[in-house]
Amino acid sequence: MLRPGIAILAIATTALGAGFTFTIGSPVASQDFHFKAAAFVFRTEGCDQPAPQITAAAEGLVNGERRSVALKVLPAGKPGVYGVFQTWPAEGQWVVVLKGACRSMNAGAIIPIGPKGFIRESSKFFPRPATDSEIDQSLKGQGSHK
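Residue numbers (this note's numbering): -18 to 127.
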């Protein structure tokens, strides 16, 4: 009786884990020389399309004023691997917001940027685009990473 329950749980876990997501890493993780100066790299998972639709923006607070900078997402040599380069100002508090679509699936991420680069531990990943309030909350939390 226990085995059918385990099989159902394994199938449900596999089905839940099959969604479209982002994972982030240091530029060295891309194994691409052209990305060594990137702020970070990310990989798409759960998308069998050769080119999912991905956008990125840096959202920041500079002297108490909200700013937004559209970012280019550059593909690396390996399929599903992309780099984000810093084109936002050094001053202020910043997060990079990733949005992706693959078929009917969506993915989102908020990647906080600190003085020494992206902050993996504070990054948030979603099965949908991040909301404005989630972005605002992440920016407000940046003060603790100075």
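Using N, Cα and C, we set each Cβ at its ideal position, and we do this for glycine too.
Span of the alpha helix (DSSP H), counted from its first residue to its last, around GLU115: 113 to 122
What are the complete alpha helix (DSSP H) segments, minimum 4 residues, inside the stretch 27 to 60? none
Starting from the Cα of PRO8, find the closest Cα among LEU42, GLY41 and TYR63 and give me that residue. TYR63
Classify ALA(-7): buried if its beta carbon has 16 or more other beta carbons within 10 angstroms, exposed otherwise. Because the pLDDT at ALA(-7) is just 34, under 50, the model does not fix this residue reliably, and the point stays unresolved.
Which partner residues does GLN12 have in the DSSP bridge list? In the DSSP output, where bridge partners are listed per residue, GLN12 has none listed.
Count the other CB atoms within 10 Å of the CB of LYS17; is the residue buried (16 or more) or exposed (fewer)? exposed
With distances taken from CA atoms, which of TRP75, ILE94 and SER104 is nearest ARG47? TRP75
Counterpart residues of ILE92 in DSSP-defined beta bridges: VAL77
Determine, using beta carbons only, whether SER104 and GLY122 come nearer to each other than 8 Å. no
Under DSSP, the beta strand (DSSP E) around PHE106 begins and ends at which residues? 105 to 107
Contact under 8 Å by Cβ, VAL78 with GLU40: yes
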